[in-house]
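Below is one structure, written out as structure tokens, with a few remarks after it.
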Amino acid sequence: MKYQKSIYLLFIFTITILGSCDNGDNCLQQTWYEDADGDGFGNPNSTQLVCTAPSDYVSDNTDFDDDNATAYPGADEICDDNIDNNGDGEIDECGLIGKIVGVWTSNFGDPYTITSSFININGSIFEILVVGTDYVICRNSLLNSFNAGLYSKFVFTQLSTDKFYFCQPFYDSESQSYIENTTDPTNPNDLNNGCGSFSWVELTRD
Ligand SMILES: [Ca+2]
Ligand SMILES: [Ca+2]
Ligand SMILES: [Ca+2]
Ligand SMILES: [Ca+2]
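Each residue of the sequence shown is one higher than the one before, counting from 1 in the UniProt record's numbering.
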């Protein structure tokens, strides 16, 4: 008899719990935030006050740009997408790399493609190892026809949105440390003769 009573009480208890969830009257409402771009961060200006999260709504309310899944708090800044990915108020702030990434053509007519990891000059690849304030040190790809596996330095000046100049003072060095410990002969104040005795190369954005 005692056993039957326990079962009965458990039954009543279960019905009570289920009932409170089913009718919705007793559930805990909370504010949910729309996540239109699906990055897991919600729009603080688009809300619903209901018990459970509607589709495409989340509990987070910190998405400052709910139209872009690559923009959210803590995101890595992508250098060339014209979007403020990390929400610090600056677009594409990536130092030197942010300014040189893109597709360019030189004043000699050669095509250049620059990413955050390599410089491609007419099919020759220079893998970026070190990024300085106005230079990069690269290892020449093993697939290159010339100076494969050796080290190069590119120095940049007069960087603007659509144009900059560069000099490659080292292109066949045996080591990265040789470049780092050797005086750079470039003179950015003399674009005509200040790259060794040569002129700096002008790149214009395609
Ligand atoms: Ca979002
Ligand atoms: Ca977003
Ligand atoms: Ca930013
Ligand atoms: Ca960006």
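The beta carbon of each residue, even a glycine, is placed where N, CA and C say it ideally should be.
Just so it is clear, the structure is predicted and the values come from calculations on it, not from any experiment.
By a C-beta neighbour count over all protein chains shown, 10 Å radius and 16 as the cutoff for buried, is L203 buried or exposed? By one-based count along the sequence shown, residue 203 stands at place 203. Counting of Cβ neighbours within 10 angstroms places L203 among the buried residues, the total reaching 16 or more.
I'd like the ranges of any beta strand (DSSP E) spanning at least 3 consecutive residues and lying wholly in the stretch 169-204. For the stretch 169-204, not a single whole beta strand (DSSP E) run of length 3 or above is found.
Grab the span of the alpha helix (DSSP H) containing L159 for me, first residue to last. Taking the sequence shown and counting its residues from 1, the one referred to as residue 159 is at position 159. Looking at the DSSP string, L159 is not in any alpha helix (DSSP H), and its letter there is neither H nor E.
The alpha helix (DSSP H) with I83 in it runs from where to where? Against the sequence shown, residue 83 aligns to sequence position 83. From DSSP, I83 is part of no alpha helix (DSSP H); its letter is neither H nor E.
Thinking C-alpha only, which one of L129, D65 and V50 is nearest N43? The residue labelled residue 43 in the question sits at position 43 within the sequence shown. For N43, the nearest C-alpha among the options comes from D65.
Would you mind reading off the limits of the alpha helix (DSSP H) that contains G98? Against the sequence shown, residue 98 aligns to sequence position 98. It spans G95 to I100 - the alpha helix (DSSP H) in which G98 sits, taken as one unbroken run.
State the CB to CB distance for the pair V131 and G95, rounded to an integer number of angstroms; the pair is presumed to be in contact (CB under 8 Å). Translated into positions along the sequence shown, residue 131 becomes position 131. Translated into positions along the sequence shown, residue 95 becomes position 95. With a Cβ gap of about 7 Å, V131 and G95 count as contacting.
Within 8 Å, strictly: CB atoms of D134 and F156: Taking the first residue of the sequence shown as position 1, residue 134 is located at position 134. Taking the first residue of the sequence shown as position 1, residue 156 is located at position 156. Yes, the Cβ-Cβ distance between D134 and F156 is below 8 Å.
Suppose the cutoff is 6 Å on Cβ atoms and the five residues either side in sequence are ignored; what does the same chain contact list for L159 look like? Position 159 of the sequence shown, counting from 1, holds the residue named residue 159. So the list reads K99, once near-sequence residues are dropped.
Within the same chain, show all residues whose beta-carbon is closer than 7 Å to that of T113, passing over the 5 residues directly before and after it, in chain order. Residue numbering aside, residue 113 sits at position 113 when the sequence shown is read from its first letter. V103 and N120, listed in sequence order.
Near ligand 2: Y72 beta-carbon under 7 Å from a heavy atom: Taking the first residue of the sequence shown as position 1, residue 72 is located at position 72. Y72 Cβ: within cutoff of ligand 2.
Would I137 and Q168 be called neighbours here (beta carbons separated by less than 8 Å)? What you label residue 137 is simply residue 137 of the sequence shown in a count that begins at 1. What you label residue 168 is simply residue 168 of the sequence shown in a count that begins at 1. If you check the CB distance, I137 and Q168 do not come in under 8 Å.
Go through the residues and name those whose CB comes closer than 5 Å to any heavy atom of ligand 1, in chain order. Ordered along the chain, residues surrounding ligand 1 are D35, D37, D39, F41, D63 and D66 [Cβ under 5 Å from any heavy atom].
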